[in-house]
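**Q**
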Amino acid sequence: MIPCAESVRFLRTGGEAMSACMKLARAYTGRDRVLMCGYHGWLTTMGSPGVPEAVRSVHTPLPWGDPQPWEDALKADGDHVAALTVAYSYTAGEGAGEFLQQLRELADRYSALLIFDEIVTGFRLSNGGAQGRFSVTPDLATFSKGMANGWPVAAYLGRRDVMETVRTAVVSSTFGGEATALAAARACLAVYRTEDVIGHLDRRGRQLIDGLNERFAKAGAPARVVGLPPCPQLLWEDSPAVNAGELALRFEAEWLKRRVITYGVMYVNYSHTAADIDEILARAGAALEAMRGEGLFG
-19 MIPCAESVRF
-9 LRTGGEAMSA
1 CMKLARAYTG
11 RDRVLMCGYH
21 GWLTTMGSPG
31 VPEAVRSVHT
41 PLPWGDPQPW
51 EDALKADGDH
61 VAALTVAYSY
71 TAGEGAGEFL
81 QQLRELADRY
91 SALLIFDEIV
101 TGFRLSNGGA
111 QGRFSVTPDL
121 ATFSKGMANG
131 WPVAAYLGRR
141 DVMETVRTAV
151 VSSTFGGEAT
161 ALAAARACLA
171 VYRTEDVIGH
181 LDRRGRQLID
191 GLNERFAKAG
201 APARVVGLPP
211 CPQLLWEDSP
221 AVNAGELALR
231 FEAEWLKRRV
241 ITYGVMYVNY
251 SHTAADIDEI
261 LARAGAALEA
271 MRGEGLFG
């Protein structure tokens, strides 16, 4: 189901799976630096307290969508770069494929590995994640959230020659071999194989995107929903009366009063029906009307 999966090992969480991939990349290439884009779990979050400068110095955060800073970093120090890691940007839409292909070409040119963080996108953008949807195959990838319908399990996988490096580069986890979640994953993957889960996410996500954007326009709210239907992102701008952050928080509060829990990125799931989305949209409309009535949109 996953294009790059020549070999697979299992862990419990996505963050440790990403850390495992980075360790394998360093062991395989004999290099230390990692160029990073997106959140890869707390273990590799370099911008917060508690990270030694020596560790921070070999992790370089770079932006989504523009290959030039990546090429500049590789030109300056490509001989020391083990991997390029990337998590899909929720606002990117179908144009993400071009950027991912550019990273693939840069990794090949500088003999670095390309690692996809598919913790969210796996079994959501397609059964094979972003690599399946955009036809760009990484050397390594991580999967977790969607693979066992909520059971705690993760996988790191990829090229067999790279994965074999684990024989000398130790990756060990106390519950890495726990089998109950693997049974849940096996059952869940059977559903992906036999039912149109991804198509359902696309349809219900499109219903949500279009419905919310219509209601934002009707209410005069400075907001829009962008991105692909399985995981679109809600973006607010400042109004003449209130800044974007306060508007976002207030909308979440008003929606919550109406028993809808949301997040900046919205995840429709296989159990959502068209009627469910209609009900969510109706409650969103009521929340927006309440905000407009208080003059929050100017």
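Residue numbering for the sequence shown follows the numbering used here, starting at -19 and increasing by one per position.
Each residue gets a CB set at the ideal place from its N, CA and C atoms; glycine is no exception.
In this text, all values refer to a predicted model and were calculated from it rather than measured experimentally.
If you compare alpha carbons, which of A0, I(-18), K55 and T253 is closest to S153?
**A** A0
**Q** Am I right that V205 and N193 are in contact with their C-beta atoms under 8 Å? What's the rounded C-beta distance?
**A** 6 Å
**Q** Determine the DSSP secondary structure at Y70, reduced to helix, strand or coil.
**A** coil
**Q** Quick check: the Cα distance between S124 and G273, rounded to an integer number of angstroms?
**A** 42 Å
**Q** Which full runs of the beta strand (DSSP E) of 3+ residues lie inside the region -1 to 86, going along the chain?
**A** 13 to 17, 39 to 41 and 61 to 67
**Q** How is D97 classed by DSSP in three states: helix, strand or coil?
**A** strand
**Q** Pull up the distance between the alpha-carbon of R11 and that of E74, whole angstroms please.
**A** 33 Å
**Q** Check whether the Cβ atoms of L86 and P41 sit closer than 8 Å, and answer yes or no.
**A** no
**Q** Of the residues P(-17), A197, H252 and R(-8), which one's Cα is nearest the Cα of E158?
**A** R(-8)
**Q** Roughly how many angstroms separate the alpha carbons of P209 and I257, rounded to a whole number?
**A** 13 Å
**Q** Considering only the beta carbon of each residue, do R139 and D119 sit closer than 8 Å?
**A** yes
**Q** I'd like the span of the alpha helix (DSSP H) that includes F287, first residue to last.
**A** In the structure as shown, the chain begins at -19 and stops at 278. Residue 287 is therefore absent and cannot be evaluated.
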